[in-house]
Every structure is written in structure tokens, then in C-alpha cells.
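Worksheet for the structure shown next.
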Amino acid sequence: MTLTDEILDRLGDPGLEQFAGMLGTCTATTRTVLQVVTGTIVGGMARNADDPDGAEALRGALEDHVDADPFNGDIASLTRDGQSILGHVLGAQGTEQAAAELSRLAGADPAALMKILPLVAPMVMSVLACHVAEHDMEARDVADVLHREQAALPLRLTDFVEALLDGVYGPPAPLRARTRPRPQVDW
Numbered sequence: 005m006t007l008t009d010e011i012l013d014r015l016g017d018p019g020l021e022q023f024a025g026m027l028g029t030c031t032a033t034t035r036t037v038l039q040v041v042t043g044t045i046v047g048g049m050a051r052n053a054d055d056p057d058g059a060e061a062l063r064g065a066l067e068d069h070v071d072a073d074p075f076n077g078d079i080a081s082l083t084r085d086g087q088s089i090l091g092h093v094l095g096a097q098g099t100e101q102a103a104a105e106l107s108r109l110a111g112a113d114p115a116a117l118m119k120i121l122p123l124v125a126p127m128v129m130s131v132l133a134c135h136v137a138e139h140d141m142e143a144r145d146v147a148d149v150l151h152r153e154q155a156a157l158p159l160r161l162t163d164f165v166e167a168l169l170d171g172v173y174g175p176p177a178p179l180r181a182r183t184r185p186r187p188q189v190d191w
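Letter by letter, the sequence shown follows residues 5 to 191 of our numbering.
Structural data, given as C-alpha cells:
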């Protein structure tokens, strides 16, 4: 099961319907949007973790999220935590840029995406933190997991996420092939 699958599973139909209400879209579109939002956050983390210092910083931050339960938390604190995470992962301008691109995909208002991004970010951190702790991973292992997770997205979504992240960060160095094999991510 991928990180995205685990998040969608933990949200369940009621959570998916809440997000659909926020976006003003059907649940099928909302599911796709959540896959891309998760992929964007994971991809941003992966790009940050390509740098050894970034990987160490992320590994340290994950330790703070092992016991967090963003699936049952209060929205205000979840949003604050999510905005902080997004600030580290995408930056303020990058988050706005991601929301604008995601809104085109969803056919939704960018303001709705600006509300959803900080709700999903702590979910990504929590699920990733539990996996990292369970497998006692080092910082470099976290970077590898993030890249495998990003590669597990459906190809049409991977291309969208890569283009979005290239817009935020610039092209990755060295440029990774877009036709890489799809590894199985097992949580």
C-alpha cells in the first residue's frame, strides 16, 4: 500500500466527502486531487531530501510526527502545522503556485486548494513518520522512500506533479528520466 493509498484509506468515504465539499467536486475528482496533493508534498520532500542536510532535517522533523494523529485533530492546529510543513517543503510562493496548478486540474477555486494543502501535509508527515520509525530508517533511506513513493503515482499524475515541482524548484539536477520503472511501494 502506498502512502497515498494509506491516507485515502484512513480518510475513508466520510473524509473524502468532506474534502469533496471543500473543493466543490465529485468524490472521484477529489480522490485524484488528493493523490496529486500528496504526490506534490512527497515530491517536494524528495527534492529537499536529495541534499544530505535536507534529508537529515526531514528525518528529524519526522520524529516529531510519529505520535501525531492528523486524521482526528482539530482543524485549526492541523492547518497551522500544515502551513509550517508546506513552508519548509514548497515555500509560501511555491504553495500558492501549487494551489493554482492543482485548481486547474480539479476545476476548483485556488482558495479551496490553499485550504486543502495544509490539511494534507500533516497527514503525509504522520504516515511517513510512522513508516520511517517502524523500519528505523536513516535520512538517506527516507529520501529513497520518497522517490519510490512519488514514482508509484499513476504516470499521468506523475507527469503533472513533476511539471508542477519543476515550476516551483526548477528542473531537478541531475534530470531524472520520466520513463523510469514503477517500483512497488510497500508500507
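The beta-carbon is built from N, C-alpha and C at its ideal position, and this holds for glycine as well.
- Within its own chain, the residues whose Cβ lies closer than 7 Å to the Cβ of A24, once the five positions on either side in sequence are excluded, are C30, T31 and T34, listed in chain order.
- Beyond the five residues adjoining it in sequence on each side, Q101 comes within less than 7 Å, by CB distance, of G171 and V172 in the same chain, given in chain order.
- Its chain contains P114, L117, M118 and L121 as the residues whose beta carbon lies nearer than 7 Å to that of A103, once the 5 sequence neighbours on both sides are disregarded; these appear in chain order.
- Across the structure, L7 and A53 are spaced so that their CA atoms are roughly 17 Å apart.
- In the three-state DSSP reduction, N52 falls in the helix class (H, G or I).
- Contact between the segment 152 to 166 and the segment 53 to 66 is not established, with fewer than three Cβ pairs separated by less than 8 Å.
- The DSSP-derived three-state label of E142 is coil.
- Scanning the segment 74 to 118 for uninterrupted alpha helix (DSSP H) segments of 4 residues or longer gives 79 to 93 and 95 to 110, listed from N- to C-terminal end.
- Taking C-beta atoms as the reference points, L82 and L123 count as a pair closer than 8 Å.
- The segment 82 to 100 and the segment 8 to 17 do not touch, with fewer than 3 CB-CB distances between them shorter than 8 Å.
- Inter-residue distance for G47 and L150 is about 7 Å (C-alpha atoms, whole angstroms).
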